[in-house]
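> Structure in structure tokens, see below.
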Amino acid sequence: MIARKVQETPFLVNAVAMLVLFAAVWQIGKRLCGERAGLMAVYVVGTLPLLYGLSRSYLVEYPMTTGVAVTFWLALVTADSLSIAPAVALGVACGLGLLLKADFPVFVLPVLIHVFRRRGIRARLVLAILLPCVAAAAPWYAYHWRATLDNAIAAGFGASAVVQGTGPIFSVSTIRAYLGLVVDRGFSPYYGLLGIAALIAVTARRRFEVFRQIAPLGLWLAPFLVFLFGGNKDVRYIAPILPAFALGVACIVDAATKRRRWIAAAALVFPLVSSLAISFGWPYEAPDVGYAIRYDGNSWGQDDILSAIASDVVSRYGERKTILLGTDRERFNANNVELAAVQRQLPFQVDTTAYGASMNDVLQQDTGAAYLVYKGGGEPESAFFNTHFAELLARLKESPEWQQMPFTRKTPDGGVAHILRRR
């Protein structure tokens, strides 16, 4: 029972985050353009490829998206309220957001500036926001601020950013390629075209009041420039600003279809059908779109691998053996194996060779490992990761210190999982 609860925890976190995100988006939409626009915005958020794809992954971006949405809503309430209570809630939301990711301020700084512009920089307001924020985030950052800062800089402009980039950051080809990824994998070409069509209809009917209503969303969308001209082009990092896009589209479609609401209902059918087709291949076959991928019920053998190691290992009480993963693919990597180990409450620590910058780095990882798991054949490794693993594997197979275990397990991609153990 405990193991099953551990297995379900990541999905429960995302499920709760999804419900809170929907509630925040509805509140913002209702505040800006009315209840109908808020309801449509919730629908659009739920059918954006990047967001429903990330909701099924063990990544922080979906809870981060929820945190930014809640913070934006509380900021709007704080800006228009004379009460101190919304400011305190805003501070708590900012503190919790900082615990999710160090770049949280990038997404909320514009709207916080808006709050201080509306209400003035008064000590009472500043303290009401700052003190809860510091109380929530400071204990963790006091011990981890340096590592967190280094990781944030490396992710945005370091080696990992180069790997996930699309070329020189200010070149036209790079910008064009990134915008293509945002459209295709972020909010989908369909929603882009729907937004443009609704914008044309609103302009033709001179319903310009909608532009004034959605103007605050510009504060939410402003951080997109950071990612447009940053080195890392992994589209998942813009997830926290996609609800602003959904709200903008919903408000404009609502304004364009005030007297013909059936048009809005008909226009919003396709995104739901598309999400079903991508996720489950029904009612038609559709290819994966970035993080929005087909459900795969096949077992990749993590349980069998861990069972083989658990029956082989001899450890003292409280000792944790390290398993080194020599494969890093979407469905077969250190994170998935570690999740399976936690689920089964096995005393294993899982590491990966994927990010070793040199052969020396990989050899240092090897010295602390008791087992090496790798996959031969099947889906090939990325050209950017595990660049030294082939050489490491050749050395270990020739070393008298390591021994091949009598274990082979076929994987759904046509490969075979193997285990080496330290003698």
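The opening residue of the sequence shown carries number 1472 in my numbering; numbering runs sequentially from there. We treat Cβ as the ideally placed atom computed from N, Cα and C, and that holds for glycine. As the structure is a computational prediction, the values presented were derived from the model and not from experiment.
What would DSSP say about D1655, mapped onto helix, strand or coil?
Reduced to three states, the DSSP call for D1655 is helix.
> Quickly, what does DSSP pair A1888 with across the bridge? List them, please.
K1846, R1880, per the DSSP bridge assignment.
> So what does R1893 bridge to, in DSSP terms?
In the DSSP output, where bridge partners are listed per residue, R1893 has W1873.
> Quick one: what's I1640 bridged to in DSSP?
According to DSSP, I1640 bridges with nothing at all.
> Considering only their Cβ atoms, is the gap separating G1524 from A1512 smaller than 8 angstroms?
Not in contact: A1512 and G1524 (Cβ atoms no closer than 8 angstroms).
> Excluding the 5 residues flanking T1542 on each side, which residues of the same chain have their C-beta closer than 7 angstroms to its C-beta?
Around T1542: L1561, A1564, C1565, G1568, V1579.
> Am I right that P1694 and V1577 are in contact with their C-beta atoms under 8 angstroms? What's the rounded C-beta distance?
About 5 angstroms separates the two Cβ atoms, so the contact holds.
> Across which residues does DSSP place F1803 in a beta bridge pair?
In the DSSP output, where bridge partners are listed per residue, F1803 has R1800.
> Are there 16 or more other CB atoms within 10 angstroms of the CB of A1546, so buried, or fewer, so exposed?
That one is buried.
> If F1856 sits next to D1799, beta carbons under 8 angstroms apart, how far is it from one beta carbon to the other, in whole angstroms?
About 5 angstroms separates the two Cβ atoms, so the contact holds.
> Jot down the residue ranges of each uninterrupted alpha helix (DSSP H) in the segment 1591-1628, minimum 4 residues, whole runs only, in chain order.
Those alpha helix (DSSP H) runs which fall completely within the segment 1591-1628 and span 4+ residues are 1594-1628.
> With distances taken between CB atoms, is the gap from D1655 to V1515 smaller than 8 angstroms?
Against a cut-off of 8 angstroms, the Cβ pair of V1515 and D1655 comes out as no contact.
> What residues in its chain sit with their C-beta under 6 angstroms from that of L1519, if we drop five residues either side in the sequence?
Cβ neighbours of L1519 beyond the five flanking positions: F1658, L1713.
> Classify G1772: buried if its beta carbon has 16 or more other beta carbons within 10 angstroms, exposed otherwise.
That one is buried.
> To which residues does DSSP link I1794 through a beta bridge?
In DSSP, I1794 forms a bridge with V1821, Y1842.
> Taking just the CA atoms, how far does Y1533 sit from V1487?
Approximately 10 angstroms, taken between the alpha carbons.
> Inspect the CB distances between the segment 1707-1724 and the segment 1678-1695 and report whether three or more fall short of 8 angstroms.
Short answer: they touch.
> In three-state terms, what does DSSP make of I1473?
Confidence at I1473 is low in this model, with a pLDDT of 38, below 50, so its placement is unreliable and no value can be given for it.
> In the structure shown, what three-state DSSP assignment does V1634 receive?
Legend: pLDDT at V1634 = 49, less than 50; position of this residue unreliable, no value from coordinates given.
> Where does A1763 sit, in a helix, a strand or coil, going by DSSP?
Reduced to three states, the DSSP call for A1763 is strand.
> Have a look at N1485 and R1732 and give me their C-alpha separation to the nearest angstrom.
Going from the Cα of N1485 to the Cα of R1732 covers about 32 angstroms.
> By how many angstroms is the C-alpha of V1844 removed from the C-alpha of V1813?
Approximately 17 angstroms, taken between the alpha carbons.
> Identify whether S1782 lies in helix, strand or coil by the three-state DSSP scheme.
Residue state, collapsed to three classes: helix.
> If we ignore side chains and look at the alpha-carbon of each, how far apart do Q1478 and P1871 end up?
Reliability of the predicted coordinates at Q1478 is poor, the pLDDT of 47 falling under 50, and the value obtained from them is presented with this limitation in mind. The alpha-carbon atoms of Q1478 and P1871 are separated by roughly 38 angstroms.
> On the three-state DSSP scale, how would you describe E1809?
Note: E1809 maps to helix in three-state DSSP.
> How would you write the range of the alpha helix (DSSP H) that D1725 sits in, first residue to last?
It spans 1713-1727 - the alpha helix (DSSP H) in which D1725 sits, taken as one unbroken run.
> On the three-state DSSP scale, how would you describe L1570?
Residue state, collapsed to three classes: helix.
> How many angstroms separate the CA atom of H1557 from the CA atom of L1696?
Here the sequence assigns Pro to residue 1557, which means His is not the residue at that position. Taking the straight line joining both Cα atoms gives about 29 angstroms.
> Take E1801 as the anchor and find which of P1851, M1830, G1827 has the nearest alpha-carbon.
Measuring from the Cα of E1801, the nearest candidate turns out to be P1851.
> In terms of alpha-carbon separation, which member of P1877, A1854, Y1762 lies closest to D1705?
Closest by alpha carbon: Y1762.
> Would you mind sorting W1544 into buried or exposed? The rule is 16 or more other CB atoms within 10 Å of its CB.
W1544 is buried by the Cβ-count criterion.
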